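Q: Provided herewith is a single structure, encoded as structure tokens, for subsequent inquiry.
2 protein chains.
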Amino acid sequence: MSQATSTQIQLAARPTGWPTAETFRTVEVTYGDLEPGQVRVANEYVSVDPYMRGRMNDVKSYVPPFALDETMTGGAVGRVVESASDDVPVGALVLHQYGWRDVVQEDAGGFQVLPEIPGVPSSLYLGILGMTGLTAYVGLTTIADLHEGDTVFVSGAAGAVGTAVGQIARLLGAGRVIGSAGSAEKVELLTSRYGYDAAFNYKDGPVREQLREVTPDGVDVFFDNVGGDHLEAALDRMNTGGRIALCGAISQYNDTERTPGPDNLANAITRGLTLRGFTLGGYLDHAPRFRELMTGWFSEEKIAYDETVVDGIEKAPQAFLDMMSGGNVGKMLVRTGA
Amino acid sequence: MSQATSTQIQLAARPTGWPTAETFRTVEVTYGDLEPGQVRVANEYVSVDPYMRGRMNDVKSYVPPFALDETMTGGAVGRVVESASDDVPVGALVLHQYGWRDVVQEDAGGFQVLPEIPGVPSSLYLGILGMTGLTAYVGLTTIADLHEGDTVFVSGAAGAVGTAVGQIARLLGAGRVIGSAGSAEKVELLTSRYGYDAAFNYKDGPVREQLREVTPDGVDVFFDNVGGDHLEAALDRMNTGGRIALCGAISQYNDTERTPGPDNLANAITRGLTLRGFTLGGYLDHAPRFRELMTGWFSEEKIAYDETVVDGIEKAPQAFLDMMSGGNVGKMLVRTGA
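Those protein sequence lines, which keep their order, are chains A and B. Taking this note's numbering as reference, the numbering of the first sequence is continuous, increasing by one, and the terminal residue is 338. Taking this note's numbering as reference, the numbering of the second sequence is continuous, increasing by one, and the terminal residue is 1338.
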């Protein structure tokens, strides 16, 4: 038993528009000896995710907003270094939601012991084997009702969720898979590494025109991470009976004024389209089936992934901002190295 | 056997914005003796419907556009006055899609013989017993997945579809039913005659504010006939897991420029909403079940209806325009009296 120092990032102020240096605060917390039932975990990786921007606002949402002057919560994986619980022993690899800190000490019930699979880095439990992969899977299957042969369009396709969506779509029998991303390098990766049949750089010109060129037969399923002009472009290209999974609208998260919606939503009437929004909270019961599928695909080397890793928990705010502006390929992670 | 003269309304020009006097043309057509298999029908009622505005444009849609310089097609009921077909005898009441004319002569295959039910006027086959009622039923059940106890909001609630939606929702077990309409008289009718628990006049103030006042517990199902600010207001009030049936967007049909969509579509993500557009073409298999239900309700006197009737086929264009600007209560019909 011993004391431990933990470096933590708190929400210091609710941002208007883009978060700034004033939004976050770094603090040192000293944990005392473990209470009965507690464990102490040295984090390995901490996740930064687009949905966190919404929680920085003080608005009612599906999850409560982040509390001011408290440590940012969110997904993280680490290893148990001290334990006063039989259920979560020293040495166990654990997943938790205590977020942006290098060391955490809490009741054992807040930690999920992970299997240790040879060849599977712990970071994957924050990525394709975790919420990221599950988001892609649920969005394609339950939300967008993917059918064999469907043409699938994915916005923000080089991000953590997008790279998973393209591959899962293909593995589940999609016909053509199309993606958009924000740089020539990402576009190249989509077709060379992530199984996309075609991709375009949305900064090269109007999304509406670029999407039309690469979807001569229209789109059956649109998996939207971006919103804005991507959603508008897709609504123009959707085939009759098409399904749109509304997963994210990262293009709008830092808007300070209300942004008008797509000018062609009436296409949903004439074409019989379904737009369905989702967050993962209501679909966690799909996790076992997903993990079984994804672990299988992974062991068969059918899954590629990228991670953009930033070292040091004090860099978490910058990692978050980089991710929001598209500075990542695949999953954005903070390596804590506590 | 004899000749017959028919007065018909043709589409003379595709309108930009609101249709005008130049949009339509009245012509006299002379039918000769019946060919084998043909019938001649004297129409009783001709339907004018909001969807027809979309078909006046020359754009690809779920149904082809109206042909220029041809008679406007659409629902009508009439009586067979001459017949060269055993299947459709003289005197039969028939439903057909030959539209805006007082007399029609075509192959018998284009006419559906209707049952003659005591106390059921023929006009109802264009209204609550016809496509109008079926639209309400399919939208509530198949599209919006109505559950017992749901709070239902209906825009354009005093129109043909809206008056049916409120009553069907209540008969199927909805909790609270809320409607909007465009005049004080209509609002009064909604609560006094059509089973709405609350209603408001959308011309009295911002829909967003008015809707908030009458939906303290939010909205589970929104049946949208109007689009625009109604859709935006509803998106603010939808409960988690809510369903929106996109049936019409009459507020936008005559727009000459692209209209921005709702500024709060991202609520669909955080609240897990489903927006589903539909037209009836794909759901005609629900008609038998619907007719059985609705005929039963009607005979039990559980269904109220209104019709706004204009006399004379040459008045069809004006009836259509009046309907588009809200001049009707319930179903808008042209009585041909051929």
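We put the beta carbon where it would ideally sit given N, CA and C, even for glycine. The structure displayed is predicted, hence computed values, not measured ones.
Tell me which residues share the same chain as A88 of chain A and place their Cβ nearer than 8 Å to its Cβ, disregarding the 5 neighbours each side in the sequence.
A: Ala is not the amino acid found at residue 88 of chain A; the sequence shown has Val there. Hits under 8 Å: V39, V80, V94, A108, F111, V113.
Q: Looking at the secondary structure, which residues open and close the beta strand (DSSP E) in which V1226 of chain B lies?
A: Per DSSP, V1226 of chain B belongs to no beta strand (DSSP E) and is neither H nor E.
Q: Let's see if you can read the secondary structure: which residues bound the beta strand (DSSP E) around I244 of chain A?
A: Start and end: 238-246.
Q: If we define contact as Cβ-Cβ less than 7 Å, is T274 of chain A a contact residue for chain B?
A: Yes, because at least one Cβ of chain B sits closer than 7 Å to the Cβ of T274 of chain A.
Q: Name the chain A residues whose beta carbon is nearer than 7 Å to that of L1246 of chain B?
A: Within chain A, the residues near L1246 of chain B are A268, I269.
Q: Counting only Cβ pairs nearer than 7 Å, list the residues of chain A close to L1265 of chain B.
A: In chain order: G261.
Q: Put D150 of chain A into one of helix, strand or coil per three-state DSSP.
A: Coil, per DSSP.
Q: Below 7 Å between beta carbons: does that hold for L265 of chain A and L246 of chain A?
A: It is not a contact, given that the beta carbons lie outside the stated cut-off.
Q: Hey, could you find the ends of the alpha helix (DSSP H) A1003 of chain B is sitting in?
A: With the sequence shown as reference, residue 1003 of chain B is identified as Gln, and Ala is not the correct amino acid for it. Counting along the chain, Q1003 of chain B falls outside any alpha helix (DSSP H), and DSSP gives it neither H nor E.
Q: Does the contact criterion of 3 or more C-beta pairs under 8 Å hold for the stretch 94-104 of chain A versus the stretch 251-259 of chain A?
A: The stretch 94-104 of chain A, when compared against the stretch 251-259 of chain A, does not touch it at the 8 Å Cβ threshold.
Q: Between G1277 of chain B and chain A, is there a C-beta pair that is closer than 7 Å?
A: For G1277 of chain B, the answer is yes, since a Cβ of chain A falls inside 7 Å of its Cβ.
Q: How about T132 of chain A and V161 of chain A: do their beta carbons lie closer than 7 Å?
A: Contact: yes.
Q: Note down, in chain order, every chain A residue with its Cβ under 8 Å from the Cβ of G1054 of chain B.
A: Within 8 Å Cβ-Cβ: T270.
Q: In three-state terms, what does DSSP make of D1217 of chain B?
A: Here D1217 of chain B sits in coil by DSSP.
Q: I want to see whether chain A comes within less than 7 Å of R1258 of chain B, judged by CB atoms only; does it?
A: Taking Cβ atoms only, chain A reaches closer than 7 Å to R1258 of chain B, which makes this a yes.
Q: Where Q167 of chain A and Y194 of chain A are concerned, what is the direct C-alpha to C-alpha distance, given to the nearest angstrom?
A: Roughly 6 Å between the two C-alpha positions.
Q: Short check: CB of L1146 of chain B to CB of V1090 of chain B, under 7 Å?
A: Contact flag unset, no.
Q: Quick one: what's got a C-beta closer than 7 Å to E314 of chain A's C-beta in the same chain, skipping five residues either side?
A: Excluding residues within five positions, the ones whose Cβ falls inside 7 Å are T7, T26.
Q: Check each residue of the stretch 1279-1307 of chain B: if its Cβ is closer than 8 Å to any Cβ of chain A, include it; give the result in chain order.
A: Cβ contacts with chain A: T1279, G1282.
Q: Under 8 Å Cβ-Cβ, which residues of chain A neighbour Q1252 of chain B?
A: Chain A residues near Q1252 of chain B: A266.
Q: Would you call P115 of chain A buried or exposed, if buried means 16 or more other Cβ atoms sit within 10 Å of its Cβ?
A: Its Cβ having fewer than 16 others within 10 Å, P115 of chain A is exposed.
Q: Buried or exposed: Q3 of chain A, going by 16 or more other Cβ atoms within 10 Å of its Cβ?
A: Exposed, since its Cβ has fewer than 16 Cβ neighbours within 10 Å.
Q: Enumerated in chain order, which unbroken segments of the beta strand (DSSP E) with a length of 3 residues or greater are wholly contained in the stretch 80-132 of chain A?
A: With a minimum length of 3 residues, the continuous beta strand (DSSP E) runs that stay inside the stretch 80-132 of chain A are 93-96, 103-107.
Q: Is any beta-carbon of chain C found at less than 7 Å from that of A1249 of chain B?
A: As a matter of chain content, chain C is missing from the structure shown, whose protein chains are A and B.
Q: The beta strand (DSSP E) that contains V59 of chain A, what's its start and end?
A: Neither: V59 of chain A is in no beta strand (DSSP E) and is coded neither H nor E.
Q: With a 10 Å radius around its C-beta and 16 neighbouring C-beta atoms as the bar for buried, classify E1044 of chain B as buried or exposed.
A: Its Cβ being crowded by 16 or more others within 10 Å, E1044 of chain B is buried.
Q: Please state if the CB of A1158 of chain B and the CB of A1181 of chain B are separated by a distance shorter than 7 Å.
A: Cβ atoms of A1181 of chain B and A1158 of chain B: closer than 7 Å.
Q: At what residues does the beta strand (DSSP E) containing Q38 of chain A begin and finish?
A: Looking at the DSSP string, the run of the beta strand (DSSP E) that includes Q38 of chain A is 38-47.
Q: Would DSSP call R1207 of chain B helix, strand or coil?
A: Residue identity differs from the one stated: residue 1207 of chain B is Val in this sequence, not Arg. In the structure shown, V1207 of chain B sits in a helix (DSSP, three-state: H, G or I).
Q: If you draw a straight line from the C-alpha of M294 of chain A to the C-alpha of I117 of chain A, how long is it?
A: Taking the straight line joining both Cα atoms gives about 13 Å.
Q: Mind listing the chain B neighbours of G227 of chain A? Cutoff is C-beta to C-beta under 8 Å, in chain order.
A: What G227 of chain A touches in chain B: L1265, A1266.
Q: Just verifying my parser: in three-state terms, what is the DSSP assignment at Y51 of chain A?
A: Three-state DSSP puts Y51 of chain A in a helix.
Q: Give every residue of the same chain whose Cβ lies closer than 7 Å to the Cβ of N1057 of chain B, excluding the five residues on either side of it in the sequence, and list them in chain order.
A: Here the set comprises R1014, P1065.
Q: May I have the straight-line CA-CA distance separating A1169 of chain B from D1049 of chain B, to the nearest angstrom?
A: The alpha-carbon atoms of A1169 of chain B and D1049 of chain B are separated by roughly 22 Å.
Q: Determine the direct distance from the alpha carbon of E1232 of chain B to that of D224 of chain A, and round the result to whole angstroms.
A: Rounded to whole angstroms, D224 of chain A to E1232 of chain B spans 20 Å at the Cα level.
Q: Do G179 of chain A and Y202 of chain A have their C-beta atoms within less than 7 Å of each other?
A: No. Outside cutoff.
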